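If you use numbering that gives the first Met the number 0, the sequence shown closes out at 169, no skipped numbers anywhere.
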Amino acid sequence: MQTLSSPSPSSSLLSPISSPAFSLVEVLLALGICSFVLIALLALFTIGLHDSRESGEKIEAANLASLILSARRASPLGTNGTMATLAIPPTALARSFGDAYAGADKYVALDGTLTTPAKAAFRIRCSAGTNAVMGADVALVHLFLSWPPQMAPSQPNVKSYEFISAIPLR
Numbered sequence: 000m001q002t003l004s005s006p007s008p009s010s011s012l013l014s015p016i017s018s019p020a021f022s023l024v025e026v027l028l029a030l031g032i033c034s035f036v037l038i039a040l041l042a043l044f045t046i047g048l049h050d051s052r053e054s055g056e057k058i059e060a061a062n063l064a065s066l067i068l069s070a071r072r073a074s075p076l077g078t079n080g081t082m083a084t085l086a087i088p089p090t091a092l093a094r095s096f097g098d099a100y101a102g103a104d105k106y107v108a109l110d111g112t113l114t115t116p117a118k119a120a121f122r123i124r125c126s127a128g129t130n131a132v133m134g135a136d137v138a139l140v141h142l143f144l145s146w147p148p149q150m151a152p153s154q155p156n157v158k159s160y161e162f163i164s165a166i167p168l169r
């Protein structure tokens, strides 16, 4: 028969166990650092999305300004088809430089034609015409696009794009 021996003092339940483990303080410190880093990354992600959206809107405005100017360059004084409702009126090119529209700003759709405020993609302000420096054969065009179109360009959250170009009349 076997006899039971008493446990050695080193294996007592009251003695500290020396195993490779993390203390609660170390775990909480690591979790705090990780959560701080994750919050910072989420903030950077939202800023990146916002900047990407603004950049896309700016590119859309630049493309629209380019479309309007290239269509008017192709036919500077044309009034047939969509040229009649193009955002740069042909009558504004041949006169002395000034506002292209009588009165307030106009609204423009994504195809470059004038439209109603409800269907507008941008608000447009256009100055066009000839001057003494450019001569009578070249019209200077200044386009100012702003969005959202329902807000006045002077309000703080309105974004804008300006474009200046010359269009040969002959």
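Quick reminder that beta carbons are idealized off the backbone N, C-alpha and C, glycines included.
In this text, all values refer to a predicted model and were calculated from it rather than measured experimentally.
Going by Cα to Cα distance, which pick from Gly128, Leu144 and Ser95 is closest to Lys105?
Sequence index remark: in the sequence shown, residue 105 carries index 106 (1-based). Cα-wise, what sits closest to Lys105 is Leu144.
Locate the beta strand (DSSP E) running through Lys118, then write down its first and last residues.
Here residue 118 is taken as the residue at index 119 of the sequence shown, counted from 1. Where Lys118 is concerned, there is no enclosing beta strand (DSSP E), given that its DSSP letter is neither H nor E.
Candidates Ala70, Leu27, Ser22 and Thr115, of which the one nearest Gln149 by Cα
Counted from its first residue, the sequence shown places residue 149 at position 150. Checked all of Ala70, Leu27, Ser22 and Thr115; the closest Cα to Gln149 is Thr115.
Beta-carbon proximity of Leu139 to Pro75, cut-off 8 Å
By one-based count along the sequence shown, residue 139 stands at place 140. By one-based count along the sequence shown, residue 75 stands at place 76. No, these two residues do not count as a Cβ contact at 8 Å.
Nearest-angstrom Cβ-Cβ length linking Ala60 and Phe121, presumed shorter than 8 Å:
Numbered from 1 along the sequence shown, position 61 holds the residue referred to as residue 60. Numbered from 1 along the sequence shown, position 122 holds the residue referred to as residue 121. Indeed they touch by this definition, with Cβ atoms about 6 Å apart.
Does the beta-carbon distance from Ile111 to Leu85 come in below 8 Å?
As a position in the sequence shown, residue 111 is number 112, starting the count at 1. As a position in the sequence shown, residue 85 is number 86, starting the count at 1. It should be noted that the sequence gives Gly, not Ile, for residue 111. Yes, Cβ-Cβ distance for Gly111 and Leu85 is below 8 Å.
Roughly how many angstroms lie between the CA atoms of Pro152 and Leu37, to the nearest whole one?
By one-based count along the sequence shown, residue 152 stands at place 153. By one-based count along the sequence shown, residue 37 stands at place 38. Using only the alpha carbons, I get a separation of about 38 Å.
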